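A short worksheet on the structure shown next.
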Amino acid sequence: MLDSTLQDTYDHVLRRNPGEPEFHQAVREVFESLEVIQNRHPEYQDHSILMRLSEPERQIIFRVPWVDDKGVVQVNRGFRVEYNSALGPYKGGLRFHPSVNLGIVKFLGFEQIFKNSLTGLPIGGGKGGSDFDPRGRSDGEVMRFCQSFMTELHRHMGEYTDVPAGDIGVGAREIGYLFGTYKRLTNRYEAGVLTGKGLDWGGSLVRKEATGYGAAIFAAEMLEARDASFEGRRVGVSGSGNVAIYAIEKARQLGGLPVTASDSSGYVVDEKGIDLELLQQIKEVERGRIAEYAERRGDSARFVAGGSVWDVPMDIALPSATQNELDADSARTLVKNGVLAVSEGANMPCTPDAVTVFREAGIAFGPGKAANAGGVATSALEMQQNASRDAWSFAHTEERLTQIMKNIHATCLETAEEVGRPGDYVVGANVAGFRKVADAMIAFGVI
Ligand code: NDP
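Okay, here's the thing in structure tokens:
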């Protein structure tokens, strides 16, 4: 239950944004967390901050026509939601997946505002994408799609305006095609306009690894706060994309044994620990399916078609695939199997009911907007390097990332304590992320 003012604002959001359940879910979670500061800060209400925050500053929807390998014209829909620029240029990834619609982009953009605020770096919140499915498409098809997508999007971008990056379905290949098209259309080598670039043309070391590394580091911080660690622990990871692969790598570096990976067809369990090189070969090089991992790995690994990766016993869970992939039943199974910490590598992978299960069981739970903020933080470091025409070493950049994740963890913990919800990282992340944005919006007046 929300208090009456928050409920009125939430009802208003529901009325104005029908048929967007993921967006409603993200807004509700933030509103619930803000109840603890409602009475202490009448100025937020006086300035209608929540009403203004829930409404994106700008929403762009556009047609993306392109020609497939058979010469047939295809049409997709492109989106960019420029959500909030109180703290800096809009910043957030592009997602290419058939499930993308306006509600999904708004949920991701809304989350991004608070996540970016938590990093302590000068970046606003935005998100974009398309219902284009890159799976099974040739390089030529992906290139023509990206060129068409950027032909429209470029007029809305700029290093001081809006700086996209990758997300599901958008990796180094897509960023290359997008940046090449931007460069040609604008006749400017404006490196800071996109992040996740290749290392030879303005990219940052550690960007590729940053989200997964960050989620594991956040888990390690939560464990340390409870006098525990990764050492000798079984780690369960879902997904086998950018975030999952590097969450697995960092979990192993921290002394854990990552035993699972998955994709939309099922999951693998490897009792000897996931062989990272083999996983990368199949997923990053060959763009294959996760079942091939079990076929090539030998006896220690098995593939389970469909099913839930959360049935596998594990001490630490790093959900790193997609939204709402871990429900209350899965959460109960994890708790029954003795899970100690859950750190969200993906955005909103745990349903609200699953989060309730973790809370009630006293499990350390790191919400995505804190736990996976390492990706966007390192994107901001990429922008810093671009602005100074510099390229930092891996060690230096990783050190910056580690420090940022530790700071985010400490901020969440301290804020939760301050508002009377000790140990509640959800409340800590939402309140700390919100306050900076709200205060900046008040400073700017009603614009
Ligand atoms: P990738 O496209 O690299 O990988 C996504 C992985 O998740 C794939 O293994 C994919 O399997 C699986 N997956 C996607 N959709 C579904 C689904 N509906 N059901 C089951 N499995 C699914 O994406 P990323 O690793 O970049 O992103 C993963 C998550 O992390 C997303 O929630 C994203 O928003 C979030 N995130 C990413 C950041 C980044 O820097 N990349 C930053 C912060 C958050 P399949 O190939 O079968 O679809």
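Per the working numbering, the very first residue in the sequence shown carries number 856; after that it's consecutive. Note that CB positions come from ideal geometry on N, CA and C, so glycine has one too. As the structure is a computational prediction, the values presented were derived from the model and not from experiment.
Quick one: using the 10 Å Cβ neighbour count with 16 as the cut-off for buried, is residue 1264 buried or exposed?
-> buried
- Item | residue 982: first and last residue of the uninterrupted beta strand (DSSP E) it sits in | 980 to 985
Could you tell me the alpha carbon to alpha carbon distance between residue 1267 and residue 1277, rounded to whole angstroms?
10 Å
Pull up the DSSP beta-bridge partners for residue 1158, would you. 1123
Discussion item. For residue 988 and residue 921, I'd like the C-alpha separation in whole angstroms.
Written reply: 13 Å
Practice prompt. Taking only runs that begin and end inside the stretch 892 to 940, name each unbroken alpha helix (DSSP H) of 4 or more residues, in chain order.
Written response: 897 to 901, 904 to 909
| query | Is it the case that the CB of residue 1139 approaches a heavy atom of the ligand NDP more closely than 7 Å? | reply | no
Exposed or buried, residue 951, counting other C-beta atoms within 10 Å across all chains shown (16 or more means buried)?
buried
- request: Please classify residue 1302: is it buried, with 16 or more other beta-carbons within 10 angstroms of its beta-carbon, or exposed?
  value: exposed
Starting from the Cα of residue 1175, find the closest Cα among 1156, 1192, 1186, 1199 and give me that residue.
1199
inquiry  = Please classify residue 1039 as buried or exposed, where buried requires at least 16 neighbouring CB atoms within 10 angstroms.
reply    = exposed
Query raised in the report: Is there at least one non-hydrogen atom of the ligand NDP closer than 7 Å to the beta-carbon of residue 1275?
Result: no
TODO: Could you work out which residue in 1166, 1217, 861, 1051 is closest to residue 1098 when comparing CA atoms only?
DONE: 1051
Fill in: Length of the line joining the Cα atoms of residue 1078 and residue 1247
30 Å
For residue 883, tell me which candidate among 865, 897, 893, 894 has the shortest Cα-Cα distance. 865
- [ ] Could you name the residues that DSSP lists as bridge partners for residue 1113?
- [x] 1090
Q: With hydrogens ignored, establish whether the beta-carbon of residue 926 is closer than 7 Å to any heavy atom of the ligand NDP.
A: no
Excluding five sequence neighbours on each side, which residues of the same chain lie with their C-beta closer than 7 Å to the C-beta of residue 959? 877
I want to know whether the stretch 1019 to 1031 touches the stretch 934 to 949 - three or more CB-CB distances under 8 Å. yes
Cβ-Cβ distance between residue 869 and residue 893 below 8 Å:
no
Backbone CA spacing between residue 1059 and residue 863 [nearest angstrom]: 44 Å
Subject >> Pick from 1196, 1209, 1260 that is closest to residue 1224, judged by C-alpha positions >> reply: 1260
Are residue 867 and residue 906 close, meaning C-beta to C-beta below 8 Å? yes
Discussion item. Is the separation between the beta-carbon of residue 1067 and that of residue 1104 shorter than 8 Å?
Written reply: yes
Exercise. Within 10 angstroms of its Cβ, does residue 1054 collect 16 or more other Cβ (buried), or is it exposed?
Worked result: exposed
Is there contact between the stretch 1229 to 1245 and the stretch 964 to 980, where contact requires at least three CB pairs shorter than 8 Å?
yes
I need the straight-line Cα distance from residue 885 to residue 1297, nearest angstrom please. 19 Å
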